[in-house]
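Chains as they are written, first to last, in our numbering: chain A, 471 to 668; chain B, 1367 to 1973. We put the beta carbon where it would ideally sit given N, CA and C, even for glycine. Take a look at the structure below.
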C-alpha cells in the first residue's frame, strides 16, 4: 500500500472522532505512520464534523488535498454530498443512509437534498458508492450509539489491517462494559458491506 | 513506546517528562487540552486559573520559587496575560518557565486571527514552533533547558492544526526532576522592577537576546533538508508539512526556533539555492526578518495572509507565482457543495441559554422580519460575550448585538448607556467568563452609576471549551473539591442592590424577571441558572408533539432547538436529542398545549 487517505464526515454527536481515533490506532498497530485531524471547538455543537485520516509509510500534511481522498466514510447523507469533491476519481464512498436536517431546513429556509441529488453529486467522482442502513443496524444491535463502530466494520475490508487489529483498537478506546456490543456492531458492518451491491 | 497523541497531549507529556511541577491555564480552544492532559498526573500541581493573566502570574511565582512551571493559553489569552508576560521577560526566572500559546489560523473558534509570534519578538524571548506531535513532545525538554540556560521564559507556539491533530509519538524519556531545587532567593535587583532595577534589566534583556541568537545558529532542531537547489524553502510549524507535500524535491530550511532567528544559517542556505521563498501561516514574520537582512526572498506576495493554509492553497498559490508544482490531479467540484444547506453550530437541545435568549428576543422585538412584513425596530441593545451563548447571534434567536473579547459585554453596555444609545442595554455573560473578566467592569458600572442590566448565564461549567471547572463550580482542575466562589456573593459585594436568581427553564419567571428589570432604573443583575445539557446526569421523558393538536404555528421552532424538526409539513421532536423533564421550555411555550411527554401523546412515531 502506497498511501490511504480517508475522510470521515458527519454531524456533531455521531461519534466520528472516536471512529477516526480507532482507525489511526489500528494503523499504528499495523506498522504505518498516521496523522489525523478533526474539527473541534465551535464547529462541534451540532455542526458538520470532519476528520482527515492519512495512512502511509511517512505522512507529512495532516490535511488531505481535494480530489485525493481514497475513502469517504459518511455518517450522514448531506455531509457525504458536502465533502464529495474531496474524493478522487474512482474512490470509495460509504454512506450511512440517514438524513439529519439542519436548522435552516426545519425553519423552511433551505431544502434538504433528495437521495437522487446526493447520489448524482457523489457520482461526479465515483461509481463506487455504498449506502448502508447504519441506524437500523445499530438499533438492531441494541444501542443506536454503536453507529460509528458499525461504520468502521463497513470500511474495514478496504483497509490493510487484520480483523484482530481492529478489535484490539476498538477494545483500547472503549470502556469494558461497551466492548461486546461494539464488537457485534463491527462484525455486523463488516458483513453488511459484503452484501451491498453497487 | 509508540503512542498516538494530539499536539496538546504531546506538549503536556513532554512537559511532564521535563520535570514540570506547576501547570496553569484558563481554557480556550485550541489550547485547553494541554492542562487537561497534564492535570491527570497527580504528582504535580495543576490549576484552572481565573484568567490567563492570573495563570501566568502563578506560573511565574512558581518559577521564581525554583520549580519548573508552565502556562498554556490560546492566542487571545496572551492579550489578557500580556502584562505578566512582559514582566516575566524582564525579571527572568529561577527555574524554567514555558508559555504555551496556541494560535487559531482559520478562526475555527476565536474572535480574531492574530499571529502571536510577534509577541515573542515584542517580549524578546525565545520561541519554538513544533510541526507535529513528535516535535511537540521533544521540544518541551529543550524549552525548559533554554529557559534555565538563558534566564528567560520560553514561548512554545502552536496552532489549531498542530494542537488538535494526532500523530505518532515515540515516547523515549521518563520524568526527570532536577534533584536539588533552587529555592527562592532574595534578589530585589532581579525581582522588584523599580525603575532603578528595571533599567538594568532592560540592558540584560538586550544582551540575552544576542546570546540567544548565537545559540539558535547551532540549535540542533533547526534543520536543513537538501533536495534540488533550484528552490529553497524557509518554513516552520505546520506550513513545513504542507510545503514538503507540495515540493517533494526542493531544499528546506525547517526552523524549530523561530525567534531569535539564526541569521548565518539563513544566509548560508539562501546562498546555495537559486530561488528562496518562505512558506508560513498568517503574517510574514520570517519573511520580514529575512528581507531586513538584505536577502532576496518572497512569500506573502502569493501565499495568503488570511486564513489557515492547507496543501491545496499552498500548491495553488505557488503555481500562480510560477513555481514548479505538479499538475493538479483534477478540478474541484466545490460549486455543488456551496449550494447545499449549511450546518452551522447551534445551542444544544436542552441548553439552559435558550429560554433567556428567546425572552430577550421576544421582549426586545428582535426577530428577523418574516417575508412581506416591515422590519420592526428592536427595543433592546444586547451586548454579548465569549462562550456557547455567542451562538444566540444566529436566527431564530438573533439576540446579540456585539461580541468583542472576554468580559467586554459589561463595559460596552455601560459605554452605550453613557453615550445615550436611547434603548435599555442588556449585557449577557457566562459564569466562567464573568469570573475571568466580568467582575472589574461590574465594579466600574456600580461606581459610575450605570443603569444597565447584566445577565449572567450560569450553567455551572466552561462549556464551549469542553466543560472545564472554574471558581464557581468548586472543583479543581485535578478533580478535588475546593472552595466554591458564589456568584451572588461577588455581585452583591460590588454594591449591586437588585440581584435576582432565576431558573433557566422557567419561562414565566424569566419573562417576568426581564420585564421587571427593564422597567426599573436601577443597575440590575439577573443570574440565570441551569445545568448545561451536555452534563445532565440522566435524561427522562422526551417530549413529543401531538399532531392532532398542533396547528403548525411554529412558535417552538423559534427556540432554535435542534431536537424540534419539520419534515413534510409535520413538526416532530427527535426523542434521541430531547432532554425531556430537564428542559420543557417548548412545552411551556406551545399555545395549543400540543407538546407533552412522549408517552402521553397520541402518535407513536416520534423519533
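Under 8 Å, with one C-beta from each stretch per pair, do the stretch 1428-1437 of chain B and the stretch 1469-1482 of chain B reach the 3-pair mark?
no
Cutting at 6 Å between CB atoms, please list the residues of its own chain near residue 1791(B), excluding the five before and the five after it.
Cβ neighbours of residue 1791(B) within its own chain (closer than 6 Å, five residues either side excluded): 1747, 1779, 1782, 1783, 1818.
Is residue 552(A) close to chain B, meaning its C-beta is less than 8 Å from at least one C-beta of that chain?
yes
Which term fits residue 585(A), buried or exposed, when burial requires 16 or more other beta carbons within 10 angstroms of its beta carbon?
exposed
Cβ closer than 8 Å: which chain B residues qualify as neighbours of residue 589(A)?
Within 8 Å Cβ-Cβ: nothing; residue 589(A) doesn't reach chain B, min ~12 Å.
Compile a chain-ordered list of the residues in the stretch 530-541 of chain A whose CB is closer than 9 Å to at least one CB of chain E.
No chain E appears in the structure shown, which is made up of the protein chains A and B.
From 628(A), 550(A), 625(A), 537(A), residue whose alpha carbon lies closest to that of residue 568(A)
550(A)
For residue 1413(B), three-class secondary structure by DSSP
strand
Let me see if you follow: with CB-CB separation under 8 Å, is residue 1460(B) close to chain A or not?
no
Please report the straight-line C-alpha distance between residue 1631(B) and residue 1414(B), rounded to a whole angstrom.
41 Å
Using 8 Å as the limit for Cβ to Cβ distance, is residue 1329(B) near chain A?
The shown model of chain B, from 1367 to 1973, leaves out residue 1329(B), and the question about it has no answer.
Take residue 1838(B) as the anchor and find which of 1856(B), 1844(B), 1832(B) has the nearest alpha-carbon.
Sorting 1856(B), 1844(B), 1832(B) by C-alpha distance to the C-alpha of residue 1838(B) places 1856(B) at the top.
In whole angstroms, what separates the C-alpha of residue 524(A) from that of residue 1367(B)?
21 Å
Chain B beta carbons: is any one of them nearer than 8 Å to that of residue 471(A)?
no
For residue 566(A), which beta-bridge partners are listed by DSSP?
602(A)
Taking only beta carbons into account, state which residues of the stretch 561-582 of chain A come closer than 8 Å to chain B, listed in chain order.
Closer than 8 Å at the C-beta level to chain B, one finds these residues of the stretch 561-582 of chain A: 571, 572, 573, 574, 575, 576, 577, 578, 580, 581, 582.
Delimiting residues of the beta strand (DSSP E) encompassing residue 1469(B)
1463-1469
Span of the beta strand (DSSP E), counted from its first residue to its last, around residue 1557(B)
No beta strand (DSSP E) contains residue 1557(B), which is instead part of the alpha helix (DSSP H) from 1554-1557.
Between residue 1374(B) and residue 1680(B), what straight-line distance do the alpha-carbon atoms span, to the nearest angstrom?
25 Å
Among the candidates 1960(B), 1921(B), 1882(B), whose CA atom is the shortest distance from the CA of residue 1914(B)?
1960(B)
Helix, strand or coil for residue 1808(B), going by three-state DSSP, please let me know.
Helix, per DSSP.
Inter-stretch contact at 8 Å, needing at least 3 Cβ pairs: the stretch 1514-1533 of chain B / the stretch 1562-1569 of chain B:
no
Chain B within 8 Å of residue 548(A), Cβ atoms only:
yes
For residue 1571(B), the three-state DSSP class (helix, strand or coil)
helix
Starting from the beta carbon of residue 1607(B), find every residue of chain A whose beta carbon is closer than 9 Å, and list them in chain order.
505, 529, 530, 531, 532, 533
Using 8 Å as the cut-off, can you tell me whether the stretch 1487-1501 of chain B makes contact with the stretch 1603-1615 of chain B, which would need three or more C-beta pairs spanning the two stretches below that distance?
yes
Smallest Cα separation from residue 1595(B): which of 1550(B), 1555(B), 1641(B), 1392(B)?
Measuring from the Cα of residue 1595(B), the nearest candidate turns out to be 1641(B).
Can you look up residue 1390(B) in the DSSP assignment and give me helix, strand or coil?
strand
Suppose the cutoff is 7 Å on Cβ atoms and the five residues either side in sequence are ignored; what does the same chain contact list for residue 582(A) look like?
548, 569, 571, 575
So which of 1382(B), 1426(B), 1408(B) has the shortest CA-CA distance to residue 1846(B)?
1408(B)
Are there 16 or more other CB atoms within 10 angstroms of the CB of residue 535(A), so buried, or fewer, so exposed?
buried
Mind checking who residue 1909(B) pairs with in its DSSP beta bridge?
1963(B)
Please compile the residues from chain B whose C-beta is within a distance smaller than 9 Å of the C-beta of residue 604(A).
Within 9 Å Cβ-Cβ: nothing; residue 604(A) doesn't reach chain B, min ~14 Å.
Is there a Cβ from chain B that is less than 8 Å from the Cβ of residue 508(A)?
yes
Say whether chain B places a C-beta atom closer than 8 Å to the C-beta of residue 625(A).
Chain B, which has no Cβ nearer than 8 Å to the Cβ of residue 625(A), makes this no.
For the alpha helix (DSSP H) containing residue 1618(B), list its first residue and its last residue.
Premise fails: residue 1618(B) lies in the beta strand (DSSP E), 1617-1620, not in any alpha helix (DSSP H).
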